[in-house]
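First to last, the sequence lines map onto chains G and B.
In this text, residue positions in the first sequence follow our numbering: the first is 41, and each later residue adds one.
In this text, residue positions in the second sequence follow our numbering: the first is 323, and each later residue adds one.
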Amino acid sequence: MLNLRGFRRPLPGTQPNHLHPPYLSSIKRAPTKPLVAIPHTLSEITGPLFGSERADVKAFDLTKQHSGEPLGERIVVSGRVIDEDGRVVPHTLVEIWQCNAAGRYLHKVDQHDAPLDPNFTGCGHTLTDARGCYRFVTIRPGAYPWKNHHNAWRPAHIHFSVFGPAFATRLVTQMYFPGDALIPFDPIFNCTADEAARQRMISRFDWQTTLPEQALGFHFDLVLAGREATPWEPPARAKNK
Amino acid sequence: MSSPATPSQTVGPFFTIGCDRLKTDELAGPNVPGERMEVSGRVIDGDGVGIPDAMLEVWQANSVGKYAHPEDTQDKEIDAGFHGFGRIPTGANGEFRFITIKPGPVPGPGGRPQAPHIAVSVFMRGLLRRLVTRVYFPEEAANDEDFVLNFVEAARRGTLIARRVSGESNKLEWNVLLQGENETVFFDIGL
């Protein structure tokens with residue numbers, strides 16, 4: 041018999057609700073009925089794993105995807121994927137995407153009047169190593185306007201997508217930069233109630249990974265749901281009786 | 323606990339830049355054993371409008387009910403050509419379609435089999451965290467006894483069960499309604 045341990049649920053306020061009215065797009069897209077809480081079964085405890093055959097070892101460097109160098113400030117973004125107990129998450133896929141230094145995405149829907157950069161696509165991926173570490177080389181993304189409210193600007197950010205060991209650990213988030221004056225005004229950043237939780241989305245400047253003469257380093261750890269201490273067991277009186 | 327999980331954020335409108343590489347709408351090639359199925363539908367917002375910038379990720383077992391994952395320790399064979407993951411962005415009118423094989427039953431709590439199902443994550447601009455749901459199969463006796471379906475009030479269970487497209491034995495329709503009277507059931511599994 042399978043002895044399954046699920047993953048922990050978030051503490052109150054540490055994850056956004058689906059509906060966050062200051063973020064206008066959530067209003068017609070957030071569910072209106074309560075979510076139905078279910079225990080984790082084998083379907084949630086397993087999940088897609090991507091080995092080295094599904095990853096390109098060069099894709100960590102977003103500055104080397106074209107014939108020339110992209111414009112902007114080169115940066116190194118690195119950190120670890122860990123769980124809530126500090127255990128490392130090795131060999132897991134991390135995907136990123138971002139706009140260029142001028143604040144423009146290489147995407148047909150992005151109509152911001154800022155130049156595209158022929159030497160920058162803005163996507164990368166990598167696998168964490170045995171110690172859960174990942175590292176990207178990229179350029180610092182620009183801020184850009186959006187139409188959420190009058191004079192709305194997104195703070196500079198990099199989108200991160202991580203799988204972790206299970207369907208239940210899937211996380212998509214955004215990494216912000218320390219000291220960005222736009223952060224306090226951003227409804228997307230501010231969607232999470234808990235202040236300490238929000239701060240975990242801001243990277244920190246890192247001398248250790250800063251490359252002399254080349255690139256500033258920023259450190260960003262991604263924390264996934266931790267494991268439950270004990271397996272879930274069906275209640276003595278089954279719910280469906 | 324050293325630190326609670328990093329907060330989720332929306333994928334935004336431009337996720338295809340980073341996500342297209344793993345786009346997979348054919349989960350099973352022709353040589354994968356199992357009953358081939360095409361699942362199609364639309365993702366629809368609270369105004370009844372199809373959402374052109376959504377993405378589904380699906381995860382399922384193979385035809386004998388085995389996940390390609392080390393924590394599935396059942397004594398069943400993995401199919402070399404079947405991973406069980408799909409990533410499907412929606413089209414201009416919110417439409418999506420993927421081809422797969424019908425998964426076999428996987429064990430639920432207490433070892434009782436769950437009805438065949440596909441686990442689904444829904445991502446889009448406007449969603450600050452993903453939505454989690456499941457696709458079940460029509461005319462499946464095991465649905466009535468399914469452990470997860472029994473957490474859902476009977477009147478809403480139908481939103482999780484795909485409909486057979488008339489006259490097509492291997493085509494299923496299943497829609498994701500974010501709001502409204504027939505709002506799809508979404509599960510709270512944590513993140």
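By construction, the Cβ of each residue, glycine as well, lies at the ideal position given by its N, Cα and C atoms.
If residue i sits next to residue j, beta carbons under 8 Å apart, how far is it from one beta carbon to the other, in whole angstroms?
| i | j | result |
| --- | --- | --- |
| residue 353(B) | residue 403(B) | 6 Å |
| residue 173(G) | residue 94(G) | Going by Cβ atoms, the distance from residue 173(G) to residue 94(G) rounds to 19 Å, so no, they are not a contact pair. |
| residue 63(G) | residue 224(G) | With a Cβ gap of about 15 Å, residue 63(G) and residue 224(G) do not count as contacting. |
| residue 449(B) | residue 69(G) | 6 Å |
| residue 409(B) | residue 362(B) | Contact flag wrong, Cβ pair sits at about 16 Å. |
| residue 381(B) | residue 47(G) | Not quite, the Cβ-Cβ distance comes to about 15 Å (not below 8 Å), so this is no contact. |
| residue 462(B) | residue 437(B) | 6 Å |
| residue 512(B) | residue 49(G) | 5 Å |
| residue 350(B) | residue 440(B) | The Cβ separation is near 12 Å, so there is no contact. |
| residue 178(G) | residue 262(G) | Between residue 262(G) and residue 178(G) the Cβ distance is about 16 Å, and since that is not below 8 Å, they are no contact. |
Less than 7 Å between C-beta atoms, sequence neighbours within five positions excluded: which residues of the same chain meet that for residue i?
| i | result |
| --- | --- |
| residue 146(G) | 156, 161, 162 |
| residue 292(G) | Outside the displayed range of chain G (41 to 281) lies residue 292(G), so it cannot be described from this structure. |
| residue 278(G) | Unreliable positioning characterises residue 278(G) in this predicted model, as indicated by a pLDDT of 44, which lies under 50. The coordinate reading is nonetheless provided below. Hits under 7 Å: none found. |
| residue 233(G) | 53 |
If the cut is a Cβ gap below 8 Å, which residues of chain G does residue i touch?
| i | result |
| --- | --- |
| residue 496(B) | In chain order: nothing, as chain G lies at least about 16 Å away. |
| residue 518(B) | No answer is possible for residue 518(B): it lies beyond the span of chain B, which begins at 323 and ends at 513. |
| residue 485(B) | Going along chain G, no residue has its Cβ under 8 Å from residue 485(B), so there is no contact; the nearest lies around 21 Å. |
| residue 343(B) | 135, 163, 165 |
Residue i CB to nearest chain C CB: under 8 Å?
| i | result |
| --- | --- |
| residue 338(B) | Of the protein chains in the structure, G and B, none is chain C. |
Closer than 9 Å by beta-carbon distance: list the chain G residues that pair up with residue i, in chain order.
| i | result |
| --- | --- |
| residue 476(B) | Here the premise fails: no neighbours, minimum Cβ distance about 11 Å. |
| residue 368(B) | 67, 68, 69, 70, 72 |
| residue 470(B) | 76, 78, 79, 81, 83 |
| residue 491(B) | Simply none; closest approach about 25 Å. |
Check the Cβ of residue i against every Cβ in chain B and list those closer than 9 Å, keeping chain order.
| i | result |
| --- | --- |
| residue 63(G) | 332, 448, 450 |
| residue 228(G) | 331, 332, 334, 450 |
| residue 136(G) | 340 |
| residue 47(G) | 511, 512, 513 |
| residue 222(G) | Under the 9 Å cutoff, chain B gives no residues; its nearest Cβ is about 15 Å from residue 222(G). |
Find the residues of chain G that neighbour residue i, judging by a C-beta separation of less than 7 Å, and give them in chain order.
| i | result |
| --- | --- |
| residue 347(B) | Those within 7 Å of residue 347(B) in chain G number zero; the least Cβ separation is about 15 Å. |
| residue 393(B) | 85, 86 |
| residue 328(B) | 211, 213, 240, 241, 262, 263 |
Note down, in chain order, every chain B residue with its Cβ under 7 Å from the Cβ of residue i.
| i | result |
| --- | --- |
| residue 207(G) | 381, 441 |
| residue 231(G) | 450 |
Chain B partners of residue i, CB-CB under 8 Å?
| i | result |
| --- | --- |
| residue 76(G) | 473, 474, 507, 508, 509, 510 |
| residue 60(G) | 450 |
Does the distance from the CB of residue i to the CB of residue j come in under 8 Å?
| i | j | result |
| --- | --- | --- |
| residue 168(G) | residue 176(G) | no |
| residue 445(B) | residue 376(B) | yes |
| residue 72(G) | residue 396(B) | no |
| residue 337(B) | residue 137(G) | yes |
| residue 452(B) | residue 210(G) | yes |
| residue 400(B) | residue 356(B) | no |
| residue 9(G) | residue 324(B) | Residue 9(G) is absent from the structure shown; chain G starts at 41 and stops at 281. |
| residue 196(G) | residue 229(G) | no |
| residue 258(G) | residue 122(G) | no |
| residue 81(G) | residue 393(B) | no |
| residue 219(G) | residue 183(G) | no |
| residue 425(B) | residue 387(B) | yes |
| residue 131(G) | residue 340(B) | no |
| residue 241(G) | residue 213(G) | yes |
| residue 251(G) | residue 202(G) | no |
| residue 141(G) | residue 113(G) | yes |
| residue 109(G) | residue 159(G) | yes |
| residue 359(B) | residue 494(B) | yes |
| residue 526(B) | residue 498(B) | Coverage of chain B is limited to positions 323 through 513, which leaves residue 526(B) absent and any answer about it impossible. |
| residue 364(B) | residue 370(B) | no |
| residue 330(B) | residue 239(G) | no |
| residue 335(B) | residue 149(G) | yes |
| residue 59(G) | residue 65(G) | no |
For residue i, which residues from the same chain have a beta carbon less than 6 Å from its beta carbon, with the 5 sequence-adjacent residues on both sides left out?
| i | result |
| --- | --- |
| residue 99(G) | 164, 165 |
| residue 118(G) | 175, 249 |
| residue 281(G) | Confidence in residue 281(G) is poor, its pLDDT being 36 and thus under 50, which makes the residue's placement unreliable; the coordinate value appears in the next sentence. Answer for residue 281(G): no residue qualifies. |
| residue 90(G) | 133 |
| residue 379(B) | 409, 443 |
| residue 344(B) | 409 |
Short of 8 Å in beta carbon distance, which residues of its chain neighbour residue i, apart from the five on each side in sequence? Order them along the chain.
| i | result |
| --- | --- |
| residue 336(G) | In the structure displayed, chain G extends from 41 to 281; residue 336(G) sits before or after that span and is not available. |
| residue 374(B) | 412, 413, 414, 415, 416 |
| residue 469(B) | 430, 431, 434, 436 |
| residue 327(B) | 513 |
| residue 467(B) | 434, 437 |
- Query: Along the stretch 445-465 of chain B, what residues have a CB closer than 9 Å to any CB found in chain G?
  - Reply: 445, 446, 447, 448, 449, 450, 451, 452, 453, 454, 456
- Message: Which residues of the stretch 406-417 of chain B have a Cβ closer than 8 Å to any Cβ of chain G? Give them in chain order.
- Response: 406, 407
- Query: Using a beta-carbon distance cut-off of less than 7 Å, what residues from the stretch 117-135 of chain G approach chain B?
  - Reply: 124, 125, 126, 135
- Of the residues that make up the stretch 418-434 of chain B, which ones have a beta carbon closer than 7 Å to any beta carbon in chain G? 428, 429, 430, 431, 432, 433
- Message: At a CB distance below 9 Å, what residues from the stretch 145-168 of chain G approach chain B? Give them in sequence order.
- Response: 145, 146, 147, 149, 150, 161, 162, 163, 164, 165
- Message: Beta carbons nearer than 7 Å to chain B: which residues of the stretch 188-206 of chain G have them?
- Response: 199, 201
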